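The listed protein sequences derive, respectively, from chains A and B. Once you know that position 358 of the first sequence is 385 in this note's numbering, the rest is easy, because the numbers rise by one and skip nothing. Once you know that position 90 of the second sequence is 164 in this note's numbering, the rest is easy, because the numbers rise by one and skip nothing. Glycine is no exception: its CB is placed at the ideal position from the N, C-alpha and C atoms. Since the model is a prediction, treat every value here as computed from it, not as a measurement. Written below as structure tokens is the structure these notes are about.
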Amino acid sequence: MLRILSDAALLLGLPDPAPRADALTAARPEAISELAAVLGPVEEALSDASGTAWTAADTARRCWSAATPAEAIGRVAAGAVAAHGVVAQVRQVATAAAEMLAAAVADGAAAVARAESEAASWPPLVPLVALGAPAMDGPSTVSSSEPVRVVLGRLNSELAAAGVRADDAGAMILDWLTDDPRAGLDQLPRVPPSPSPDPANGISADGVDAANRADVAADLSSGDPHRRALAASVSAALAGHRSRGERVDLLAYDPDAFGGQGRVAIGLGDLSRADNIAVLTPGIGNSPMACAPLLDLAGRLREQATSTDPTAETAVVLWLGYDIPMSAGRDGYADVHTAYADVYATLSSANAEAGGALLADDVRKFTAMAPPSALVTLVGHSMGSVVTSQAARQPIPVDNLLLLGSPGTGPGVRTADDYPTVPAGHVFVGSHDGDVVTGPAVDIGAFLAGAWYLGRINPSPFGTDPARAAFGAQDLDLGPSPALPSPVDPIAEARYGVSRHGLPTYLEGSGLVAAGAIVTGRYRNARTRKGR
Amino acid sequence: MDLEVDTDGLREAAGVLQATETTLRMPGCAVVGPTEGCFGPSATGREAADLLTRRAQQSVEALGLLAVSVAALTDALTAAATLFDRLDQGAVGPR
């Protein structure tokens, strides 16, 4: 019926009411009401928590004459009160906006219904004239079109008014929701206190960098050729990025770690004022001895993050701090025994487990060098994703996980809810269709090889596949993959699967956009799909 | 001035904090649904929907942040009570 109104308006030279009516029909006040309802329990929990936290603070004050414990608990209670105030306002304003929007939608629908009803009683002559049919009696045609003009004019006016009320509902949100409910929590401890003092407290990236660079400089003239080569590799990687005007910090340097593989962490960007921090952990076959291309990938991620949020400072740390399986080929020193052990290490998550503890320690140090409000994302690729997952089993100050091309999450992590400080909604998984490492073939191969060579019976050597829907992570939509090779050519198919696994293929296109969005907290820009 | 500590009281405070953490984690499954386009297709509407979603997500995140902090304090109080008890048993340190 509205089509008749729209056509009549067109032919009479009046504004078409359809776009305004459609805009109102598209509004979903019920979704806003649902969101407000979700916030009800949040508001209630904050209110209850602030009450019990004050009780705990009072108890601590009575039982411990030192002021610090009661003050620390009091800060949490005050934070809960502040957050409660903001959340209550968000809920109330959302509720009011939903009601206002629902009223505007209802008004628009009523106006359309009235106009449709009146259009039903229009004499046949009017539409004929409006449609340009020759009039049998000219004067009566003009006078018969007047009721149509009146109805359409009123409809347009009522729809415009309803549209203004709908926009007012949005404007109310923009006017009132200025506070971040987390703002009052800035002073809270972000890391559970350790029994021993954190050695990184009070240490700046500048100081760590200077000490490590001095070690590198000394190693450049070392009598040990391997040590010299590693120092040269690190030095070249640092120089490459510094020559582009980037801030580069050598945050960890230990040439003797892991039997000579070495241990290196390099930060791009200013950690001391970072709004966002990403720690990138690559997988097997990488080595500090060949860190320049990896540092370029870290730079690529930082550029994307900066492009996503130009107002924020993002620091990306390349972390080569664990005993990386199959690194020996690049380390350039390995004897036969070490090389075999290095290959066997690919058959299980043992190195990743140990590496997870080291990564957790280093993340504590890196975040201690940064503002407490920095958004922290751990990005792991392949075996590096297993390391990342294992690190996140510990209560470390991390906001997001991004697991790329992951063969599994390692022991003790069966679902995305198993990370103590990262909510499942902030666990992201990127898995290319056809990436051979994320499929069951790698598990089966590692199981068989592990059983044959090492006598280990473990049907799931890398743990749970995080790309499975049952894991409960956010599965990133990385876009369509290139066409699969012919199924009758297994070699080409295997090559294809391997080519879809490389870290560079994850840090390009949709994967890079998603990574930049996650690192900067623009989660809505990270498109997701249903897990497999 | 001597430090006065009642370790039973500290454990009581830790228990209250543990209950606080439980309270904060109860709505942990709160999921903020998509509000894209809720206010219609106008620029104001889109901006309002974005802001509302962000504030709602931040509200849920605030719960998690508080829960982590409360858990840290619970552990610290419990560890302190244990430490004071050990010191007390050794007849050394604060009573």
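Close CB contacts of A155 of chain B within its chain, under the 6 Å cut and outside five residues either way in sequence, are with T81, L84 and R85 (chain order).
Interface criterion met: the Cβ of P208 of chain A is under 7 Å from a Cβ in chain B.
In this structure, G326 of chain A lies near L295 of chain A, with their beta-carbon atoms less than 7 Å apart.
A117 of chain B is classed as exposed because its beta carbon has fewer than 16 other beta carbons within 10 Å across all chains shown.
By the Cβ criterion, the region 418-429 of chain A is in contact with the region 400-410 of chain A, since at least three pairs of Cβ atoms, one from each stretch, lie closer than 8 Å. Where T308 of chain A is concerned, there is no enclosing alpha helix (DSSP H), although the beta strand (DSSP E) around it starts and stops at N303 to T308. Among the residues facing chain A, R160 of chain B is not included, as its CB has no counterpart in that chain under 7 Å away. Out of A:E173, A:H459 and A:A342, the CA that lies nearest to the CA of E145 of chain A is found in A:E173. For R30 of chain A and G197 of chain A, the gap between their C-alpha atoms comes out near 29 Å.
For a cut-off of 8 Å, the C-beta gap from P488 of chain A to S314 of chain A is around 22 Å, too long to register as a contact. A Cβ-Cβ separation of about 33 Å leaves P101 of chain B out of contact with A342 of chain A under the 8 Å criterion. Per the C-alpha coordinates, the member of A:V540, A:A115, A:A45 and A:A245 positioned closest to D336 of chain A is A:V540.
L32 of chain A is classed as buried because its beta carbon has at least 16 other beta carbons within 10 Å across all chains shown. Residues of the same chain with a CB within less than 7 Å of the CB of L385 of chain A, apart from the 5 flanking positions on each side, are G348 and Y349 in chain order.
Taking CB atoms only, G197 of chain A has a neighbour in chain B less than 7 Å away.
According to the DSSP secondary-structure assignment, Q288 of chain A is paired through a beta bridge with no residue. By the neighbour-count definition (other C-beta atoms within 10 Å, threshold 16), T127 of chain B is a buried residue.
The residue from A:A35, A:R209 and A:S262 with its alpha-carbon nearest to that of V178 of chain A is A:A35.
Under the Cβ distance rule, Q132 of chain B counts among the residues neighbouring chain A, one pair being separated by less than 7 Å. Under the Cβ distance rule, T156 of chain B does not count among the residues neighbouring chain A, no pair being separated by less than 7 Å. A54 of chain A counts as buried, since no fewer than 16 other beta carbons sit within 10 angstroms of its beta carbon.
Under the 7 Å criterion on CB atoms, T96 of chain B is classed as non-interfacial with respect to chain A. Setting aside the 5 residues that flank it on each side, N239 of chain A is surrounded in the same chain by L277 and Y280, each with a C-beta closer than 6 Å to its C-beta; the list follows chain order.
Interface with chain B (7 Å Cβ-Cβ cutoff): W91 of chain A is included. For E78 of chain B, the number of other beta carbons within 10 angstroms of its own is below 16, and it is reported as exposed.
Not a single CB atom of chain A sits nearer than 7 Å to the CB of T152 of chain B. At least 7 Å separates the beta-carbon of G111 of chain B from that of A50 of chain A.
Per DSSP, A115 of chain A is one residue of the alpha helix (DSSP H) stretching across A94 to A147. Residues of chain B with a Cβ closer than 7 Å to the Cβ of T82 of chain A are, in chain order, V90. For A136 of chain B, the nearest CB of chain A lies under 7 Å from its own CB, placing it at the interface with that chain. In this structure, DSSP gives L505 of chain A a state outside helix and strand, which the three-state scheme calls coil.
Taking C-beta atoms under 8 Å as the contact rule, L98 of chain B and V144 of chain B qualify, at a distance of about 6 Å. Counting only Cβ-Cβ distances below 9 Å, I59 of chain A has contacts in chain B at T109, C112, F113, A123 and L126, in chain order. Here T547 of chain A carries a coil assignment [DSSP, helix/strand/coil]. T436 of chain A carries a coil assignment under DSSP once its states are collapsed to helix, strand and coil. Of the residues A:P507, A:F498, A:D388 and A:L186, the one whose Cα lies closest to the Cα of A292 of chain A is A:D388.
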